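Enquirer: Just dropping this structure here.
Residue numbers (my numbering): 16 to 412.
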């Protein structure tokens, strides 16, 4: 054998005893009669060796996880603050979504009114034509004029009127067509907007249920809605119209307005033909129904449009009055968060237990409050600007 190869084998043979000695093994006699030569290690050293090995494996595992995943460490207070911001963002998104739903609903209503306007203009000209011919014919007979010449005169006048109306309707029709097209687009968008708001509120409700401690920093007994809650205005408007409804139609109307009742059947018949009526015609038809007989007279007036009044009267037997009352009390007492309350109301509306007009009223009140706040801020800015201009130049600078 070559010297180099033998030397290498000698070094390899000496490596194993050195390795055992390094990790804590000691060379000694072992066996029953201690006649065999081997290596032994103390129990404490063996435990230490195992702990060290497990520590190395744990560090390697931690490095592996660290390289594959992104890990963040944050304080519990920071997590709660983040959840409050997310909660506020979800509330704001629901508010904006309801405003968008309201806009689509207005587009549908305006589209319907525009179509009714075109029908009214066309029918009014037809009636006008018949009245003119009848008047000319009657006048010609009274004056002893030739009836054929009088008819020709009437036709000439009507052609001039028709040309003038056609010119005016040409521009009106463009506006009406635009409104009608906007209304057609708004029908599916209205449903989509409401569905997205409902899903967003449901998701936030689940997060609040999983982490109810996000409001621990609020004063005891305080209403969560008082802390810059975007849904506060909508809920206040909704419960205001609900309470007004309870004052107007609880008691006798709730007992008697049922299928088979004369007034209720008349409301159902009106509801079925409302698509062919304008808002004014619906109001006239509603006034003709004897609601006083069932204790639901509209003498004191309702702030809702006629169509929404028809809807809420037909739903008088399905509206969960008791649940809404308890929900309002829990919200005002601070026991229920606005997102949770609005989520339950949205679910009722989806199940056709709450009139659309009530939600619309809530959105209208919220927008009204926002406009008043903006006007107030603008007024304060103007006052501050006038005070600054009124100061002497050396003080203003």
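Here a beta-carbon is modelled for each residue, glycine too, at the ideal position from N, C-alpha and C.
From a predicted model like this one, the values you see are computed outputs, not experimental measurements.
When we look at the beta-carbon of residue 334 and count the other beta-carbons within 10 Å, is it buried (16 or more) or exposed?
Expert: Counting from one through the chain shown, the residue named residue 334 turns up at place 319. Per the 10 Å Cβ criterion, buried.
Enquirer: Would you kindly work out how many angstroms separate the C-alpha atoms of residue 356 and residue 215, rounded to a whole number?
Expert: Numbered from its first residue, the chain shown carries residue 356 at position 341. Numbered from its first residue, the chain shown carries residue 215 at position 200. About 14 Å.
Enquirer: For the ligand MN, any of its heavy atoms closer than 7 Å to the Cβ of residue 81?
Expert: The ligand MN is absent from the structure shown, which contains no ligands of any kind.
Enquirer: Of all the options 296, 321, 329 and 123, which has the alpha carbon lying nearest to the alpha carbon of residue 282?
Expert: The sequence position of residue 282 within the chain shown is 267, counting from 1. Measuring from the Cα of residue 282, the nearest candidate turns out to be 329.
Enquirer: If we count the other Cβ atoms within 10 Å of its Cβ and call it buried at 16 or more, is residue 374 buried or exposed?
Expert: The residue labelled residue 374 in the question sits at position 359 within the chain shown. By the neighbour-count rule (16 or more Cβ atoms within 10 Å), residue 374 is buried.
Enquirer: Rank 321, 346 and 243 by C-alpha distance to the C-alpha of residue 99 and give the top, closest one.
Expert: Taking the chain shown and counting its residues from 1, the one referred to as residue 99 is at position 84. Comparing Cα-Cα distances from residue 99 to each of 321, 346 and 243, the minimum goes to 243.
Enquirer: Could you tell me how far apart the beta carbons of residue 131 and residue 293 are, in whole angstroms, since I believe they sit closer than 8 Å?
Expert: Mapped onto the chain shown, residue 131 falls at position 116. Mapped onto the chain shown, residue 293 falls at position 278. That belief holds up - the Cβ atoms of residue 131 and residue 293 are roughly 4 Å apart, short of 8 Å.
Enquirer: Around the C-beta of residue 127, are 16 or more other C-beta atoms found within 10 angstroms, so that it is buried, or is it exposed?
Expert: Looking up residue 127 in the chain shown gives position 112. Flag for residue 127 reads buried.
Enquirer: Round the Cβ separation of residue 325 and residue 301 to the nearest angstrom and send it over; I've been treating them as touching at under 8 Å.
Expert: Position 310 of the chain shown, counted from the first residue, corresponds to residue 325. Position 286 of the chain shown, counted from the first residue, corresponds to residue 301. The Cβ separation is near 6 Å, so the contact holds.
Enquirer: Using 8 Å as the cut-off, can you tell me whether the region 373 to 393 makes contact with the region 245 to 255, which would need three or more C-beta pairs spanning the two stretches below that distance?
Expert: Yes, the region 373 to 393 is in contact with the region 245 to 255.
Enquirer: Can you tell me where the alpha helix (DSSP H) with residue 333 in it begins and where it stops?
Expert: Here residue 333 refers to the residue found at position 318 when the chain shown is read from its first residue. No alpha helix (DSSP H) contains residue 333, which DSSP labels as neither H nor E.
Enquirer: With a threshold of 7 Å on Cβ separation, who are the neighbours of residue 202 within its own chain once the five nearest residues in sequence on each side are excluded?
Expert: Looking up residue 202 in the chain shown gives position 187. These residues qualify, in order along the chain: 123.
Enquirer: When the Cα atoms are used, what is the spatial distance from residue 369 to residue 205?
Expert: As a first step, residue 369 is located in the chain shown; it is residue number 354 there, counting from the start. As a first step, residue 205 is located in the chain shown; it is residue number 190 there, counting from the start. When rounded, the distance between both Cα atoms is 16 Å.
Enquirer: According to DSSP, is residue 367 part of a helix, a strand, or is it coil?
Expert: Locating residue 367 in the chain shown gives position 352, where the first residue counts as 1. Coil.
Enquirer: Return helix, strand or coil for residue 239, following the three-state DSSP convention.
Expert: As a first step, residue 239 is located in the chain shown; it is residue number 224 there, counting from the start. Caution applies to residue 239, whose pLDDT of 46 falls short of 50 and renders its modelled position unreliable; the model cannot decide the point.
Enquirer: Cutting at 7 Å between CB atoms, please list the residues of its own chain near residue 377, excluding the five before and the five after it.
Expert: Stepping through the chain shown from its first residue, residue 377 is reached at position 362. Excluding sequence neighbours, residue 377 sits near 249, 250, 252 and 253.
Enquirer: Look up residue 248 in the DSSP assignment and say whether it is helix, strand or coil.
Expert: Position 233 of the chain shown holds residue 248. Residue 248 falls in the helix class under three-state DSSP.
Enquirer: According to DSSP, simplified to helix, strand and coil, what is residue 22?
Expert: Along the chain shown, read from residue 1 onward, the residue named residue 22 stands at position 7. Legend: pLDDT at residue 22 = 44, less than 50; position of this residue unreliable, value from coordinates given subsequently. Helix, per DSSP.
Enquirer: In chain order, what residues of the same chain lie with their CB nearer than 8 Å to the CB of residue 331, ignoring the 5 residues before and after it?
Expert: In the chain shown, counting from the first residue as 1, residue 331 sits at position 316. Result list for residue 331: 264, 268, 269 and 272, in chain order.
Enquirer: Report yes if the C-beta distance between residue 212 and residue 113 is below 8 Å; otherwise report no.
Expert: On the chain shown, position 197 is the one that residue 212 refers to. On the chain shown, position 98 is the one that residue 113 refers to. Their beta carbons are under 8 Å apart, which means residue 212 touches residue 113 by this criterion.
Enquirer: Please state the DSSP three-state secondary structure of residue 274.
Expert: Translated into positions along the chain shown, residue 274 becomes position 259. Of the three classes helix, strand and coil, the one that applies to residue 274 here is coil, per DSSP.
Enquirer: Suppose contacts are defined by Cβ-Cβ distances below 8 Å. Is residue 322 in contact with residue 297 by that definition?
Expert: If you number the chain shown from 1, residue 322 lands on position 307. If you number the chain shown from 1, residue 297 lands on position 282. Yes.
Enquirer: When you compare the CB positions of residue 336 and residue 261, do they come within less than 8 Å of one another, or not?
Expert: Taking the first residue of the chain shown as position 1, residue 336 is located at position 321. Taking the first residue of the chain shown as position 1, residue 261 is located at position 246. Going by C-beta atoms, residue 336 is nearer than 8 Å to residue 261.
Enquirer: For a test of the three-state rule: what should DSSP assign to residue 63, helix, strand or coil?
Expert: Residue numbering aside, residue 63 sits at position 48 when the chain shown is read from its first letter. In this structure, residue 63 counts as helix in the three-state DSSP scheme.
Enquirer: Taking only three categories from DSSP, how would you classify residue 161?
Expert: Here the question's residue 161 lines up with position 146 in the chain shown. It is coil, neither helix nor strand.
Enquirer: Whole angstroms is fine: what's the gap from residue 125's alpha carbon to residue 225's?
Expert: Within the chain shown, residue 125 is the residue found at index 110, counting from 1. Within the chain shown, residue 225 is the residue found at index 210, counting from 1. The straight-line gap from Cα to Cα measures roughly 43 Å.
Enquirer: Which first and last residues belong to the alpha helix (DSSP H) in which residue 300 is found?
Expert: Reading the chain shown from its first residue, position 285 is the one you call residue 300. From DSSP, the alpha helix (DSSP H) with residue 300 extends over 294 to 303.
Enquirer: What is the DSSP secondary structure of residue 109, reduced to helix, strand or coil?
Expert: Counting from one through the chain shown, the residue named residue 109 turns up at place 94. Note: residue 109 maps to helix in three-state DSSP.
Enquirer: With distance defined between alpha-carbon atoms, name the residue in 76, 208 and 178 nearest to residue 108.
Expert: Counting from one through the chain shown, the residue named residue 108 turns up at place 93. Residue 208 is the option with its Cα nearest to residue 108.
Enquirer: Spatial neighbours of residue 278 within its chain, please: CB distance less than 7 Å, with the 5 preceding and 5 following residues excluded, ordered by chain position.
Expert: As a first step, residue 278 is located in the chain shown; it is residue number 263 there, counting from the start. If we look at residue 278 and ignore the five residues flanking it on each side, its Cβ neighbours are 272, 304, 305, 306, 308 and 309.
Enquirer: Between the C-alpha atoms of residue 129 and residue 95, what's the straight-line distance to the nearest angstrom?
Expert: The residue labelled residue 129 in the question sits at position 114 within the chain shown. The residue labelled residue 95 in the question sits at position 80 within the chain shown. Going from the Cα of residue 129 to the Cα of residue 95 covers about 51 Å.
Enquirer: Report yes if the C-beta distance between residue 144 and residue 173 is below 8 Å; otherwise report no.
Expert: Taking the first residue of the chain shown as 1, we reach residue 144 at position 129. Taking the first residue of the chain shown as 1, we reach residue 173 at position 158. A contact, by the Cβ cut-off of 8 Å.
Enquirer: Please give me, in chain order, every unbroken run of the alpha helix (DSSP H) with length at least 4 that falls completely inside the region 348 to 394.
Expert: Here the runs fully enclosed are 353 to 365.
Enquirer: Is the Cβ-Cβ distance between residue 171 and residue 162 less than 8 Å?
Expert: For the purposes of this step, residue 171 is taken as residue 156 along the chain shown, with counting starting at 1. For the purposes of this step, residue 162 is taken as residue 147 along the chain shown, with counting starting at 1. Against a cut-off of 8 Å, the Cβ pair of residue 162 and residue 171 comes out as no contact.
Enquirer: When the Cα atoms are used, what is the spatial distance from residue 72 to residue 65?
Expert: Position 57 of the chain shown, counting from 1, holds the residue named residue 72. Position 50 of the chain shown, counting from 1, holds the residue named residue 65. Between residue 72 and residue 65, the C-alpha separation is close to 11 Å.
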